[in-house]
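Q:
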Amino acid sequence: MPQQPVPTSRIAKNPDHNRLKTMSKSLVSFSFFNFPFAQKWWALRQMQHSDLEVPGASFAKLLGSGGGSGFSIKPDFGTYVIMCIWDSAEKAKAWESTDLFSTFASKSHSHQTHWMSCLQSYGCWEDGNPFQNYEMAAYTDGPVFALTRASIDKTKLLAFWRNVPVTTKALYDSPGLIFAKGIGQFPLVEQATFSQWKDLESMKNFAYQSDHKQVLKMANKEGWFREDLFARFIPVDINDL
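Be aware that the sequence shown starts at 586, since it is given in our numbering, and climbs by one per residue.
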C-alpha cells in the first residue's frame, strides 16, 4: 500500500517529468506537516482558524486528515495540510519564510511541500472555483496530482460513509497510485482526497474504470453533495520559476 508521497523536488529533477508547454499563471502548494504526540493538541486547535490569510495567496486553507489508511471517519490528529494558491512565483517563494509556515514547521517532526500547476478543474469550493481565474497548464507525460473535494449533504452522510470503504479499496488497488490521503476542513461533512499518480492514464483508469465510477454515479443520482470540485495538477520546481 502506498504510504509516502514522492518529494516534488525528486520528480522535478527527473528529465522525464512534466514540463509546462505554456507559462501558467496557476501555482499551488500543498504543505504536509506531521506532528509528534506532544504537539497534536496544539495542531488540532489551529483548525478553528482553518480559513487562512497568507500574504501573496489568493486562496489558503488549513486542512485536517483522515486516520487509518487515510480515509477513516476517525481523524489523524498528527497530520495537517496547508493548501495555498499563489498570485505569483515570487510571493510563493517567500512561503517557507513566513511566520505561519515557520511555526508549523518548528512544532512538527517532519514536513514536505508539493508545488504544482493546475491542468484542469471544474466544480465549486465554497460557491466558486478557486482555480478558474488562472491559465491552465498542459500535460505531456509523467506524474500528476489530483484533488477531489465535496461538501456532503447532511441527509446523505450515512450513504456517503457507507461507501467510503469501496472507493478506498478501489483507490489503493489502482496501478500507478503513489500516494493518497483523505483531507478536509470539517469532519464528516467536508471531505477531500489528495493523490499522486505515476501518470495521467493511471489516474483516469481509477476515475473512470473502477468501482469508484459506480459510486460516483450513485452519488450524482442521489444528490449526496451540496457542491464538489475536481482538479488535476502537474508537479513543478519552484526554483525554476
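Glycine included, each C-beta is placed from N, C-alpha and C at the ideal position. Since the structure is predicted, the reported quantities are computational estimates derived from the model, not experimental observations.
Just tell me which of Phe745, Pro640, Val729 and Ala679 has its CA closest to the CA of Ser736.
A: Closest option to Ser736, Cα to Cα, is Phe745.
Q: Let me know if Asp684 comes out buried or exposed under the rule of 16 or more other beta-carbons within 10 Å of its beta-carbon.
A: With fewer than 16 Cβ atoms within 10 Å of its Cβ, Asp684 is classed as exposed.
Q: Buried or exposed: Arg747, going by 16 or more other Cβ atoms within 10 Å of its Cβ?
A: Exposed, because fewer than 16 other Cβ atoms sit within 10 Å of the Cβ of Arg747.
Q: Are the beta-carbon atoms belonging to Ser795 and Ser759 less than 9 Å from one another?
A: Result yes, Cβ atoms of Ser795 and Ser759 sit closer than 9 Å.
Q: Do Lys676 and Pro640 have their C-beta atoms closer together than 9 Å?
A: Taking 9 Å as the Cβ cut-off, Lys676 and Pro640 qualify as a contacting pair.
Q: With respect to the alpha helix (DSSP H) encompassing Val729, which residues constitute its N-terminal and C-terminal limits?
A: From DSSP, Val729 is part of no alpha helix (DSSP H) but of the beta strand (DSSP E) over Val729 to Ile737.
Q: Which whole-angstrom value is the C-beta distance of Phe583 and Leu756, which I expect to be below 8 Å?
A: This structure gives no information on residue 583, because the portion of the chain shown stretches from 586 to 826.
Q: Are three or more beta carbon pairs between the stretch 693-705 and the stretch 810-818 nearer than 8 Å?
A: Cβ pair count under 8 Å is three or more, so yes.
Q: For the candidate residues Leu612, Phe686, Phe779 and Trp710, whose alpha-carbon lies nearest to that of Ile768?
A: Ranking Leu612, Phe686, Phe779 and Trp710 by Cα distance to Ile768 puts Phe779 first.
Q: Below 7 Å CB to CB, which residues in the same chain sit around Met632 once its five sequence neighbours on both sides are set aside?
A: Same-chain partners within the cutoff: Leu647 and Gly649.
Q: Is the distance from the Cβ of Arg734 to the Cβ of Gln776 below 9 Å?
A: Yes, these two residues count as a Cβ contact at 9 Å.
Q: From Cys669 to Gln799, what does the alpha carbon distance come to, in whole angstroms?
A: One C-alpha to the other measures close to 32 Å.
Q: If Lys739 sits next to Val774, beta carbons under 8 Å apart, how far is it from one beta carbon to the other, in whole angstroms?
A: Sure, about 6 Å apart at Cβ, within 8 Å.
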